[in-house]
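Participant: Structure incoming, see below.
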Amino acid sequence: MTTEATLPSTSASPTARQVWTRARGVVLALVLLLVAAVAIAAIRSTERHGSLDPRSADPYGSRAVAELLADRGVDTRVVTTLDGARAAAGPDTTLLVAVPDLLTHRQQSNLRAATAGSGGRTLLVAPGSWSVERLAPGVVADPANSLDSTLSPDCGLPAARRAGTADTGGIRYTVTHPGNDECYPSERLPTLVRVPAASGDGDTVVLGAPDILYNDTLDKRGNASLALQLLGSRPHLVWYLPSLSDSSATDPGEEKGFLDLLPSGWLWGTLQLFFAAALAALWRARRLGPLVPEKLPVAIRASETVDGRARLYRKASARDRAATALRSTTRTRLAPLVGVPVAQAHAPEALLPALSAHLHSDGDGQSLHSLLFGPPPRADAALISLADQLDALEREVRRP
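In terms of the working numbering, the sequence shown opens at residue 76 and continues consecutively.
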């Protein structure tokens, strides 16, 4: 009967427990990021869903005002293309443009050309400096918005006077042409402007904030009254929701590259990142001062240090450095034995004569010079032979 000894496992593969211990921090961080992303997406998904859409019953939708208009005989139709909005312009139609700043300059010019002489009403909801001057000539958007959201009419426009205070505070406008109705001022600049057409009964209404159209704020103050009067003056209401997928947003003869699709400030942002990276590199590459020797926390045997350094030399094929280290150390040890100061151990004219006189055998000065100060060996075998010869020379010098 034979007894087999159980040997301890020498496998270097990590166990499942070790893998979990090392990776649990990363896994936990990924789980937290995933949970945070899902939570943020869930919260933001209901923020502005269906904003200014007359079909949406969400807080920022406009279904309530569309229902009230329907009770008064005004039908509401939604269009999402510029061609549909231009075709709908007419004397019995109110055209509401939900987000005018989404329109390109070419779209704005075409829309203005279709509505200027139509005899109907065009209502622009919160147009900024990008669109208001093209869609409502003579009206300029002020850089600073209104600090108050609820404002008083302070004008002669009948619809504003009947509605009273309303949530029109938003973008403020400067009117450069006379004859316009300027209502709901904030610090003497209006947030609602009515621009009559040059001929006919048509007009353009510039509204600085969309709050009076939201389901959530329609029942506040005079919002409902103002919205119904501005949108119900004609039997038909066309609600234009500009879409980025509208083919009229691009010029058929203009091909845009990748750089044209980037935001206008990308170049400055890239330059800032470049300078930040350069400063970080300079900071990390700063001079740390001279090297300071530090004692090792544990004692390492000399043989282990020699073996480790030898493997590094061999891996780098640094036979020249290894030979230099061997010769230098041998000369440093031989110099005191033959009466030469250590400071002159590396001078051939001082070391070689004393060494030749000390040797018991007839020493050849040329061979000693080649051994202690010669060129580096060309192969590993030559390096081993050099080490053996240096060791033999040192033993011979130490022999009494």
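Idealized CB from N, CA, C, for every residue including glycine.
Could you say if the region 349-358 and the region 216-225 meet the contact criterion of at least three C-beta pairs nearer than 8 Å?
Facilitator: Taking 8 Å as the limit for Cβ pairs, the verdict is that the region 216-225 does not touch the region 349-358.
Participant: Name the residue from Asp-455, Pro-475, Arg-473, Leu-443 whose alpha carbon lies nearest to the alpha carbon of Gln-464.
Facilitator: On the sequence shown, residue 464 is found 389 positions in, with the first residue counted as 1. The option with the nearest alpha carbon to Gln-464 is Leu-443.
Participant: Among Val-281, Ala-160, Gly-165, Val-153, which has the Cα closest to the Cα of Val-215?
Facilitator: Counting from one through the sequence shown, the residue named residue 215 turns up at place 140. Among Val-281, Ala-160, Gly-165, Val-153, the Cα nearest to that of Val-215 belongs to Val-281.
Participant: DSSP three-state call for Ala-216: helix, strand or coil?
Facilitator: For the purposes of this step, residue 216 is taken as the residue at position 141 of the sequence shown. In the structure shown, Ala-216 sits in a strand (DSSP, three-state: E or B).
Participant: Go ahead and label Trp-343 buried or exposed: buried means 16 or more other beta carbons lie within 10 angstroms of its beta carbon, across all protein chains shown.
Facilitator: Taking the first residue of the sequence shown as position 1, residue 343 is located at position 268. It is exposed - the Cβ of Trp-343 has fewer than 16 other Cβ atoms within 10 Å.
Participant: Taking all protein chains shown into account, do 16 or more other C-beta atoms lie within 10 angstroms of the C-beta of Arg-402, making it buried, or fewer, making it exposed?
Facilitator: Counted from its first residue, the sequence shown places residue 402 at position 327. With 16 or more other Cβ atoms within 10 Å, it is buried.
Participant: Taking the alpha helix (DSSP H) that Pro-411 falls in, what are its first and last residues?
Facilitator: Stepping through the sequence shown from its first residue, residue 411 is reached at position 336. Segment 394-412, the alpha helix (DSSP H) holding Pro-411.
Participant: For the putative contact between Tyr-388 and Arg-376, defined by C-beta atoms under 8 Å, what is the C-beta separation to the nearest angstrom?
Facilitator: Translated into positions along the sequence shown, residue 388 becomes position 313. Translated into positions along the sequence shown, residue 376 becomes position 301. Contact doesn't hold; Cβ gap of about 19 Å is too wide.
Participant: Between the region 182-195 and the region 232-240, do at least 3 Cβ pairs fall closer than 8 Å?
Facilitator: The region 182-195 is not in contact with the region 232-240.
Participant: Once DSSP output is grouped into helix, strand and coil, what is the label at His-444?
Facilitator: Here residue 444 is taken as the residue at index 369 of the sequence shown, counted from 1. Helix at His-444.
Participant: Where does Arg-209 sit, in a helix, a strand or coil, going by DSSP?
Facilitator: The residue given as residue 209 occupies position 134 in the sequence shown. In the structure shown, Arg-209 sits in a helix (DSSP, three-state: H, G or I).
Participant: Exposed or buried, what is Val-140 when buried is set at 16 or more other beta-carbons lying within 10 Å of its beta-carbon?
Facilitator: Within the sequence shown, residue 140 is the residue found at index 65, counting from 1. It is buried - the Cβ of Val-140 has at least 16 other Cβ atoms within 10 Å.
Participant: Use the C-beta contact count for Arg-473: other C-beta atoms within 10 angstroms, 16 or more gives buried, fewer gives exposed.
Facilitator: In the sequence shown, counting from the first residue as 1, residue 473 sits at position 398. Exposed, because fewer than 16 other Cβ atoms sit within 10 Å of the Cβ of Arg-473.
Participant: Examine the Cβ distances between the region 273-289 and the region 126-146 and report whether three or more of them are shorter than 8 Å.
Facilitator: Counting Cβ pairs under 8 Å, three or more are found: they touch.
Participant: Going by alpha carbons, who is nearest to Trp-314 out of Pro-372, Thr-151, Leu-354, Gly-125?
Facilitator: Sequence index remark: in the sequence shown, residue 314 carries index 239 (1-based). For the residues Pro-372, Thr-151, Leu-354, Gly-125, the minimum Cα distance to Trp-314 belongs to Thr-151.
Participant: Gly-254 to Ser-274, Cα distance in whole Å?
Facilitator: Position 179 of the sequence shown, counted from the start, is the residue given in the question as residue 254. Position 199 of the sequence shown, counted from the start, is the residue given in the question as residue 274. Computed Cα separation, rounded: 13 Å.
Participant: Count the other CB atoms, across all protein chains shown, that sit within 10 Å of the CB of Ala-80; report buried if there are 16 or more and exposed otherwise.
Facilitator: Translated into positions along the sequence shown, residue 80 becomes position 5. The predicted model places Ala-80 with a pLDDT of 41, which falls under 50 and marks its position as unreliable; any figure quoted below should be read in that light. It counts as exposed.
Participant: First and last residue of the alpha helix (DSSP H) that includes Arg-187?
Facilitator: Reading the sequence shown from its first residue, position 112 is the one you call residue 187. Run containing Arg-187: 180-190, per the alpha helix (DSSP H) assignment.
Participant: Quick one: measure Cβ to Cβ for Leu-426 and Glu-469, integer angstroms, because I've assumed they're closer than 8 Å.
Facilitator: Here residue 426 refers to the residue found at position 351 of the sequence shown. Here residue 469 refers to the residue found at position 394 of the sequence shown. Going by Cβ atoms, the distance from Leu-426 to Glu-469 rounds to 13 Å, so no, they are not a contact pair.
Participant: Quickly, what does DSSP pair Ala-241 with across the bridge? List them, please.
Facilitator: Here residue 241 corresponds to residue number 166 of the sequence shown, with the count starting at 1. According to DSSP, Ala-241 bridges with Leu-226.
Participant: So Leu-171 packs on Leu-306, CB below 8 Å; how close in whole Å?
Facilitator: Within the sequence shown, residue 171 is the residue found at index 96, counting from 1. Within the sequence shown, residue 306 is the residue found at index 231, counting from 1. The pair is a contact, with the Cβ atoms about 7 Å apart (cut-off 8 Å).
Participant: Tell me whether Glu-257 sits in a helix, a strand or coil according to DSSP, three-state version.
Facilitator: Against the sequence shown, residue 257 aligns to sequence position 182. Strand.
Participant: What number of angstroms, rounded off, separates the C-alpha of Trp-95 from the C-alpha of Ala-111?
Facilitator: The residue given as residue 95 occupies position 20 in the sequence shown. The residue given as residue 111 occupies position 36 in the sequence shown. Roughly 23 Å separates the two Cα atoms.
Participant: If you follow the alpha helix (DSSP H) that Tyr-388 is in, where does it begin and where does it stop?
Facilitator: The residue you call residue 388 lines up with position 313 of the sequence shown. Note, Tyr-388: alpha helix (DSSP H), 377-390.
Participant: By DSSP, does Arg-236 sit in helix, in strand, or in coil?
Facilitator: As a working mapping, residue 236 is identified with position 161 in the sequence shown. In this structure, Arg-236 counts as helix in the three-state DSSP scheme.
Participant: Could you spell out the range, first to last residue, of the beta strand (DSSP E) harbouring Thr-151?
Facilitator: As a working note, residue 151 is residue 76 in the sequence shown. 150-154 is the extent of the beta strand (DSSP E) around Thr-151.
Participant: My guess is that Leu-226 and Arg-247 are in contact by the Cβ rule of under 8 Å, so how many angstroms apart are they, rounded?
Facilitator: Against the sequence shown, residue 226 aligns to sequence position 151. Against the sequence shown, residue 247 aligns to sequence position 172. 10 Å between Cβ atoms; not a contact.
Participant: Output needed for His-433: all residues of its chain with C-beta closer than 7 Å, excluding positions within five of it in sequence on either side, in chain order.
Facilitator: Taking the first residue of the sequence shown as 1, we reach residue 433 at position 358. These residues qualify, in order along the chain: Val-413, Val-472.
Participant: Is it buried or exposed for Leu-186, if we count other Cβ within 10 angstroms and need 16 for buried?
Facilitator: The residue labelled residue 186 in the question sits at position 111 within the sequence shown. Flag for Leu-186 reads buried.
Participant: Give the single residue among Ala-467, Arg-384, Ala-272, Leu-267 whose Cα lies nearest to the Cα of Pro-166.
Facilitator: Here residue 166 is taken as the residue at index 91 of the sequence shown, counted from 1. Of the candidates Ala-467, Arg-384, Ala-272, Leu-267, the one whose C-alpha sits nearest the C-alpha of Pro-166 is Ala-272.
Participant: Is any non-hydrogen atom of the ligand SAH found closer than 6 Å to the C-beta of Gly-297, if you look at the structure I gave you?
Facilitator: As far as ligands go, the structure on display features none, and thus does not contain the ligand SAH.
Participant: Starting from Leu-144, trace the alpha helix (DSSP H) both ways and give me its first and last residue.
Facilitator: Numbered from 1 along the sequence shown, position 69 holds the residue referred to as residue 144. Looking at the DSSP string, the run of the alpha helix (DSSP H) that includes Leu-144 is 138-146.
Participant: Got a sec, what are the start and stop residues for the alpha helix (DSSP H) Asp-278 sits in?
Facilitator: Translated into the one-based positions of the sequence shown, residue 278 becomes position 203. Counting along the chain, Asp-278 falls outside any alpha helix (DSSP H), though it belongs to the beta strand (DSSP E) covering 278-282.
Participant: Which whole-angstrom value is the C-beta distance of Ala-398 and Pro-451, which I expect to be below 8 Å?
Facilitator: Here residue 398 refers to the residue found at position 323 when the sequence shown is read from its first residue. Here residue 451 refers to the residue found at position 376 when the sequence shown is read from its first residue. Indeed, because the Cβ distance is near 5 Å, the residues count as touching under 8 Å.
Participant: Here's the rule I'm using: 16 or more other beta-carbon atoms within 10 Å means buried, otherwise exposed. How should Gln-182 be labelled?
Facilitator: As a working mapping, residue 182 is identified with position 107 in the sequence shown. Flag for Gln-182 reads buried.
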